[in-house]
Amino acid sequence: MKRILFILLATLSTAVCSAGTDAMSNSKVRKETRFLTDKMAYELNLNTEQYNDVYEINYDFISGVRYVMDDVLLGYEWALNRYYDYLDVRNDDLRWVLSSRQYNRFMQAEYFYRPIYTSGNRWYFRVYITYTNHNHFYFPRPYHYRTYVGGHYRTHYNNTSYYRGRYKHPHYNGAYRIRDNKSYTTHRRSDFGSVTVRPGSSREPSRDDVYTTRRSSSGSNRSTTTGTTRRESTNSNATNGTNSSRTNSERTNSSSSRNSGSTRSNSSTRSSSTRSSSNSDTKSNTNSSRRSTTGKSSGAERKESSSSSVRSSSGSSTRSNGTSSTRSSSSGSSTRSSGDRR
């Protein structure tokens with residue numbers, strides 16, 4: 006049971022002390038910023054306005070370096086240079102907020118002046134070495150603890166410090182930059198002595214090189230594997246191309262045979278349809294000729310019948326006329342005979 010409790014306590018202490026970028030959210034950035042600013046306000050005797058401004062400056066620094074610390078741990082020299090660029094900007098902004106006396110005390114405390122160091126494969130804040138109680142704060146939260154998100158960083162002001170000219174006390178005018186200092190190599194060894202710097206990593210990769218320049222050891226293995234895979238894929242593509250060409254030729258032959266068969270069937274069908282159409286045309290012509298012949302014969306019969314009827318009617322009229330004339334002649338003769346008799 007004691008062993009389990011010890012493991013849990015060690016895990017919790019490691020999680021609180023460490024500030025890995027994988028777990029550092031915005032709330033984590035605010036908490037780390039407040040802890041560092043609170044201890045600076047306690048030791049440097051900051052007033053309320055300085056306290057709020059120092060919180061903003063520390064927030065901008067921690068919020069910026071959390072995106073490069075993974076590359077620092079991997080040994081990329083460009084990431085180390087980027088870290089010290091952020092640190093020099095932060096120390097320059099503090100130079101306009103702190104008085105000359107406060108800034109000298111600030112530079113003498115390494116956990117303020119150079120707040121981050123690495124140990125093993127993780128990075129930490131030095132202030133936790135001096136102040137072990139991670140939940141103790143001397144002052145309340147700044148008034149914009151939850152609202153400030155980097156609006157006063159110098160990129161919004163043409164790379165000029167927002168805090169320059171805000172205070173009338175004498176400022177520190179000495180050297181403050183770490184990268185320009187002669188002891189820069191010593192400071193970097195003290196801060197990141199556990200990091201092995203990779204040769205040829207001084208150039209920061211562009212957006213297109215991100216997936217090819219990072220983790221070069223694994224990248225080389227990936228490249229060799231990729232090359233082998235590409236060769237195998239090329240051979241397989243060639244084989245597949247041969248097989249596909251054969252298959253396509255077979256398909257072409259089969260399709261041509263099918264097309265010839267279909268052509269033959271179509272021709273036979275067409276010939277049969279032609280024959281049937283010719284037969285039907287012949288039959289229709291025969292029927293039409295028969296109908297025309299029948300029509301003609303019926304018309305002739307009708308003409309003959311009409312002519313016969315005309316003839317019969319004329320004959321009958323002639324006969325009637327002849328009868329009437331005979332009757333009239335007979336009546337005349339009878340009249341004449343009667344006259345003679347008289």
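Count along the sequence shown starting at 1, add 5, and that's the number in my numbering. Each residue gets a CB set at the ideal place from its N, CA and C atoms; glycine is no exception. Because the structure is a prediction, the values reported are computed rather than measured.
Nearest neighbour of residue i, chosen from the options [CA to CA]
i      : options                           : result
Leu103 : Tyr181, Gly179 and Leu49          : Leu49
Thr115 : Pro204, Lys44, Arg39 and Leu79    : Note on residue identity: the sequence assigns Glu, not Thr, to residue 115. When only C-alpha atoms are compared, the closest one is Lys44.
Leu79  : Ile183, Gly125, Arg151 and Tyr162 : Gly125
Glu209 : Pro145, Met29 and Tyr81           : Tyr81
Val202 : Asn86, Ser30 and Ser32            : Asn86
Lys33  : Asp58, Tyr136, Ser68 and Tyr148   : Ser68
Asp76  : Ala46, Thr123, Trp101 and Ile62   : Thr123
Arg106 : His174, Arg119, Arg146 and Asp90  : His174
Met29  : Trp128, Ser211, Phe144 and Thr152 : Trp128
Thr137 : Phe40, Asn31 and Tyr189           : Phe40
Thr160 : Asn31, Tyr118, Tyr91 and Tyr108   : Tyr91
Tyr47  : Val132, Lys36 and Asp93           : Val132
Asp196 : Lys36, Val94 and Arg119           : Arg119
Val94  : Asn164, Thr152, Ser188 and Gln113 : Asn164
Endpoints, the beta strand (DSSP E) within which residue i is located
i      : result
Phe130 : Arg127 to Phe130
Ser124 : Ile121 to Ser124
Burial state of residue i (16 or more Cβ within 10 Å)
i      : result
Gly155 : exposed
Ala84  : buried
Arg194 : exposed
Arg71  : buried
Ser206 : buried
Asp185 : exposed
Ile134 : exposed
Asn140 : exposed
Gly198 : exposed
Thr38  : buried
Gly179 : exposed
Gly170 : exposed
Ser166 : buried
Gln55  : buried
Thr191 : exposed
Asn52  : exposed
Thr42  : buried
Pro147 : buried
Asp98  : buried
Leu63  : Residue 63 is actually Asn in this sequence, not Leu. It is buried - the Cβ of Asn63 has at least 16 other Cβ atoms within 10 Å.
Asn31  : exposed
Tyr108 : buried
Beta-carbon separation (whole angstroms), residue i vs residue j, contact threshold 8 Å
i      : j      : result
Phe111 : Ile121 : With 8 Å as the limit, Phe111 and Ile121 do not qualify as a contact, their Cβ atoms being about 16 Å apart.
Asp65  : Tyr158 : 5 Å
Tyr88  : Val73  : 6 Å
Asn96  : Tyr181 : 5 Å
Tyr177 : Arg100 : 5 Å
Asp58  : Tyr168 : 6 Å
Residue i, enclosing alpha helix (DSSP H) - first and last residue
i      : result
Gly4   : Residue 4 is absent from the structure shown; the chain starts at 6 and stops at 347.
Thr42  : Asn31 to Leu49
Val77  : Met74 to Leu78
Tyr172 : Looking at the DSSP string, Tyr172 is not in any alpha helix (DSSP H), and its letter there is neither H nor E.
Arg151 : Segment: none, Arg151 is in no alpha helix (DSSP H) and carries neither H nor E.
Asp185 : Where Asp185 is concerned, there is no enclosing alpha helix (DSSP H), given that its DSSP letter is neither H nor E.
Asn96  : Glu82 to Val102
Phe144 : First-last for Phe144: undefined, no H or E at that position.
Asn109 : Ser105 to Gln113
Tyr189 : Tyr189 to Phe197
Contact test: residue i Cβ vs the ligand FAD heavy atom, cutoff 6 Å
i     : result
Met45 : This structure does not include the ligand FAD; it has no bound ligands of any sort.
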